[in-house]
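Trainee: Residue numbers (this note's numbering): 342 to 456. No residue lacks a Cβ here, since even glycine has one placed at the ideal position from N, Cα and C. The structure presented is a predicted model; accordingly, all values stated were derived computationally and were not measured. Attaching a single structure in structure tokens format; questions to follow.
Take a look at the structure:
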């Protein structure tokens with residue numbers, strides 16, 4: 342077995358992105374748990390939507406959560422029109438970009454149909 346090279350001393354920063362259902366969130370939380378077992382100093386940020394279950398599922402994990410302003414583009418039950426959703430895309434993109442710049446992740450893990 343090959344031994345990993347020693348780390349530079351800075352904890353690995355992992356960005357977790359996904360949501361909408363528990364089926365998208367649970368695998369990300371499992372990855373986070375496995376990474377914490379390997380390196381307890383690993384830091385995480387979870388980015389998800391405001392309407393999904395991700396905020397409540399992530400809250401018990403101790404991982405910081407950031408909710409995006411972007412509603413689902415495919416949700417037929419959404420009260421927001423497709424035009425409004427399309428108009429929110431640039432806002433959500435800038436918001437996500439700012440979060441990435443602030444957190445400066447070493448790696449990003451995503452789940453979901455559009456990941």
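Cβ of residue 360 within 8 Å of any heavy atom in the ligand FAD?
Mentor: For the structure depicted, the ligand FAD is absent and the ligand set is empty, with no information on it obtainable.
Trainee: Could you name the residues that DSSP lists as bridge partners for residue 354?
Mentor: DSSP, once it has assigned bridges, lists 384 as partnering residue 354.
Trainee: Which of the three DSSP states is assigned to residue 448 in this structure?
Mentor: Three-state result, residue 448: strand.
Trainee: Along the beta strand (DSSP E) that carries residue 407, what are the first and last residues, could you check?
Mentor: Start and end: 406 to 408.
Trainee: Note the first and the last residue of the continuous alpha helix (DSSP H) segment covering residue 400.
Mentor: Element bounds for residue 400: 395 to 400.
Trainee: Output the distance between the C-alpha atoms of residue 370 and residue 360, rounded to the nearest integer angstrom.
Mentor: Each residue's alpha carbon lies about 11 Å from the other.
Trainee: So, for residue 445: in the same chain, excluding its five sequence neighbours on each side, which residues have a beta-carbon less than 8 Å away from its beta-carbon?
Mentor: Hits under 8 Å: 354.
Trainee: Using CA atoms only, rank isn't needed, just tell me which of 388, 381, 452 is closest to residue 439.
Mentor: When each option's Cα is compared against that of residue 439, the closest is 388.
Trainee: Among 424, 453, 423, 410, which residue has its Cα nearest to the Cα of residue 435?
Mentor: Minimum Cα distance to residue 435 is reached at 410.
Trainee: Leaving aside the five residues before and after residue 432 along the sequence, list all residues of the same chain whose C-beta is less than 6 Å from its C-beta, in chain order.
Mentor: Here the set comprises 410.
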